[in-house]
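S.K.: One point on numbering: in full-length UniProt numbering, the residue at position 253 of the sequence shown is 253, and numbering is uninterrupted.
Here a beta-carbon is modelled for each residue, glycine too, at the ideal position from N, C-alpha and C.
As the structure is a computational prediction, the values presented were derived from the model and not from experiment.
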Amino acid sequence: MTIQNIKDYTVLNNGVHMPWLGLGVFQVEDGDEVINSVQYALEAGYRSIDTAAGYRNETGVGTAIKQSGIAREELFITTKLANSDQGYESTLRAFEESRQKLGLEYIDLYLIHWPGKTKFVETWKAFEKLQKDGYIRAIGVSNFNIHHLETLKQNSDVIPAVNQVEFHPLLNQQELRQYCINAGIQLEAWSPIMKGNLDLPQLTELAEKHGKTPAQIVLRWELQHGVVVIPKSVRKERIQENANIFDFTLSAEDMKAIDQMNQNHRFGSDPDEVIF
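(1) Mind the definition here: the segment 130 to 140 touches the segment 4 to 21 only if three or more C-beta pairs lie below 8 Å; say whether that holds.
(2) Quick one: using the 10 Å Cβ neighbour count with 16 as the cut-off for buried, is Ile77 buried or exposed?
(3) Sorted by chain position, which residues of the same chain lie with C-beta nearer than 8 Å to Lys7's C-beta, five sequence neighbours on each side aside?
(4) For Ile230 and Gly24, which I take to be in contact (beta-carbon distance under 8 Å), what is that distance rounded to the nearest angstrom?
(5) Quick one: what does DSSP say Ser98 is sitting in, helix, strand or coil?
(6) Where do the N-terminal and C-terminal ends of the beta strand (DSSP E) with Ile65 fall, by residue?
(7) Count the other CB atoms, across all protein chains shown, that sit within 10 Å of the CB of His148; report buried if there are 16 or more and exposed otherwise.
(8) Rounded to whole angstroms, what's the CA-CA distance from Val38 to Gln67? Just pull it up for me.
(9) If we ignore side chains and look at the alpha-carbon of each, how far apart do Glu253 and Ile49 end up?
(10) As a quick exercise: from Glu89, Thr79, Gly196, Ala243, pick the residue whose alpha carbon is nearest that of Asn163.
(11) Can we say the segment 95 to 113 touches the segment 170 to 183, given the rule of at least three CB pairs closer than 8 Å?
(12) Is Gln86 closer than 7 Å to Gly116 when the C-beta atoms are compared?
(13) For the putative contact between Ile112 and Leu81, defined by C-beta atoms under 8 Å, what is the C-beta separation to the nearest angstrom?
(14) From Ile193 to Tyr110, what distance separates their C-alpha atoms?
(15) Would you please verify whether the beta carbon of Met18 is less than 7 Å from any beta carbon of chain D?
(16) Please work out which residues of its chain come closer than 7 Å, Cβ to Cβ, to Asn5, disregarding the five sequence neighbours upstream and downstream, and give them in chain order.
(17) Can you have a look at Ala71 and say buried or exposed, based on whether 16 or more other CB atoms are within 10 angstroms of its CB?
(18) Considering Lys80, what are the terminal residues of the beta strand (DSSP E) in which it resides?
(19) Between Pro160 and Asp199, what straight-line distance do the alpha-carbon atoms span, to the nearest angstrom?
(20) Does the Cβ of Thr213 have 16 or more other Cβ atoms within 10 Å, making it buried, or fewer, making it exposed?
(21) Measure from the alpha carbon of Trp190 to the alpha carbon of each residue in Gln202, Thr2, Gly268, then state which is nearest.
(22) What residues are listed by DSSP as bridge partners for Gly140?
(23) Give the DSSP bridge partners of His168, in chain order.
(24) Starting from Met255, trace the beta strand (DSSP E) both ways and give me its first and last residue.
(25) Ignoring anything shorter than 3 residues or poking outside the segment 166 to 224, list the beta strand (DSSP E) runs there in chain order.
(26) Please report the residue range of the beta strand (DSSP E) in which Ile49 lies.
(27) If you follow the alpha helix (DSSP H) that Thr123 is in, where does it begin and where does it stop?
(28) Just the C-alpha distance for Thr123 and Leu42, rounded to the nearest angstrom, thanks.
(29) Let's see if you can read the secondary structure: which residues bound the beta strand (DSSP E) around Leu17?
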């Protein structure tokens, strides 16, 4: 897969263009911290920002977007429904609250944050309505395993455009990734650089070989697997560094070496254990 520019994008299953690289703002404090983080990213050429109701920083993200002066159609903004707001009517209310906090007329991508146990089919029907009414350009899910996706498939005519999951060299989700490829669902990685746990010999060796950092090696590996990445940082230099991944390519041998690092190790929660 040839991805050679920060402006490059994947085409979702409904034709919407989504940048391969975005900024994640999980655990970034609302106010100056998130405003600065988003501004650093936009200055570095990022055009995709990923937030969530549960991150409690949508207001700051919206402020940064407004202050940037960048045309709305150039941006790709993702937010997510909080677990506690699942259900049809509550989803409609929660979406409107997120939209108002962000100060946007529409959202580019809206995700069900976690499947939970029983409500996500009902929630998805509200997502379909919001998309049909023009408030959302693409609808998707986060942390959905294959059985969750199968349940949606059996109860809806709309296939999720995106599935955002924990994905990195220690958890390469091969079976889920192949399922999503076959289903036309774009896989997106949260925690793509393993919460900074990058001091691993295979990554260090490849970083030295390519004159890059271990984080840049991992992000490049993910892109070459066709996975969208949203690394999080609040530091200007790190945000710029994470974007400096378009001027080199990992060989098939390099890719295989990283593939073989998989340990099915999660730094976050197992979706089947986040029950509410």
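M.R.: On the basis of the supplied data:
(1) With the cut-off at 8 Å, the segment 130 to 140 and the segment 4 to 21 touch.
(2) As a first step, residue 77 is located in the sequence shown; it is residue number 77 there, counting from the start. Label assigned to Ile77: buried.
(3) Mapped onto the sequence shown, residue 7 falls at position 7. Pro19, Gly45, Arg47.
(4) Residue numbering aside, residue 230 sits at position 230 when the sequence shown is read from its first letter. Residue numbering aside, residue 24 sits at position 24 when the sequence shown is read from its first letter. Going by Cβ atoms, the distance from Ile230 to Gly24 rounds to 4 Å, so yes, they are a contact pair.
(5) As a working mapping, residue 98 is identified with position 98 in the sequence shown. Note: Ser98 maps to helix in three-state DSSP.
(6) Walking along the sequence shown from the start, residue 65 turns up at place 65. Unbroken run through Ile65 is the alpha helix (DSSP H), 58 to 68; no beta strand (DSSP E).
(7) Here residue 148 is taken as the residue at index 148 of the sequence shown, counted from 1. By the 10 Å Cβ count, His148 comes out buried.
(8) Here residue 38 refers to the residue found at position 38 of the sequence shown. Here residue 67 refers to the residue found at position 67 of the sequence shown. About 10 Å.
(9) Locating residue 253 in the sequence shown gives position 253, where the first residue counts as 1. Locating residue 49 in the sequence shown gives position 49, where the first residue counts as 1. Computed Cα separation, rounded: 32 Å.
(10) On the sequence shown, position 163 is the one that residue 163 refers to. Asn163 has its Cα closest to that of Thr79, out of Glu89, Thr79, Gly196, Ala243.
(11) Segments in contact, no.
(12) Residue mapping note: residue 116 aligns to position 116 of the sequence shown, counting from 1. Residue mapping note: residue 86 aligns to position 86 of the sequence shown, counting from 1. Yes, the Cβ-Cβ distance between Gly116 and Gln86 is below 7 Å.
(13) On the sequence shown, residue 112 is found 112 positions in, with the first residue counted as 1. On the sequence shown, residue 81 is found 81 positions in, with the first residue counted as 1. Yes, Ile112 and Leu81 are in contact; Cβ-Cβ is about 6 Å, under 8 Å.
(14) Start at 1 with the first residue of the sequence shown, and residue 193 comes out as number 193. Start at 1 with the first residue of the sequence shown, and residue 110 comes out as number 110. Rounded to the nearest whole angstrom, the C-alpha separation of Ile193 and Tyr110 is 23 Å.
(15) No chain D appears in the structure shown, which is made up of a single protein chain.
(16) One-based indexing of the sequence shown puts residue 5 at position 5. Within the same chain, Asn5 has close Cβ partners Phe246.
(17) To locate residue 71, count along the sequence shown from 1; it is residue 71. Burial state of Ala71 is exposed, judged by a 10 Å Cβ sphere holding fewer than 16 other Cβ atoms.
(18) Walking along the sequence shown from the start, residue 80 turns up at place 80. Where Lys80 is concerned, the enclosing beta strand (DSSP E) stretches over 76 to 81.
(19) Numbered from 1 along the sequence shown, position 160 holds the residue referred to as residue 160. Numbered from 1 along the sequence shown, position 199 holds the residue referred to as residue 199. The alpha-carbon atoms of Pro160 and Asp199 are separated by roughly 35 Å.
(20) On the sequence shown, residue 213 is found 213 positions in, with the first residue counted as 1. By the 10 Å Cβ count, Thr213 comes out buried.
(21) By one-based count along the sequence shown, residue 190 stands at place 190. Checked all of Gln202, Thr2, Gly268; the closest Cα to Trp190 is Gly268.
(22) By one-based count along the sequence shown, residue 140 stands at place 140. DSSP lists Leu111 as partners of Gly140.
(23) By one-based count along the sequence shown, residue 168 stands at place 168. Under DSSP, His168 shares a beta bridge with Leu171.
(24) One-based indexing of the sequence shown puts residue 255 at position 255. Note, Met255: premise wrong, no beta strand (DSSP E); alpha helix (DSSP H) at 252 to 259.
(25) Scanning the segment 166 to 224 for uninterrupted beta strand (DSSP E) segments of 3 residues or longer gives 186 to 190, listed from N- to C-terminal end.
(26) Working through the sequence shown from its first residue, we reach residue 49 at position 49. Bounds of the beta strand (DSSP E) holding Ile49 are 48 to 50.
(27) Locating residue 123 in the sequence shown gives position 123, counting from the first residue. It spans 120 to 132 - the alpha helix (DSSP H) in which Thr123 sits, taken as one unbroken run.
(28) Taking the first residue of the sequence shown as 1, we reach residue 123 at position 123. Taking the first residue of the sequence shown as 1, we reach residue 42 at position 42. Cα-Cα distance, rounded: 32 Å.
(29) Numbered from its first residue, the sequence shown carries residue 17 at position 17. The sequence shown places His at residue 17, not Leu. From DSSP, the beta strand (DSSP E) with His17 extends over 17 to 19.
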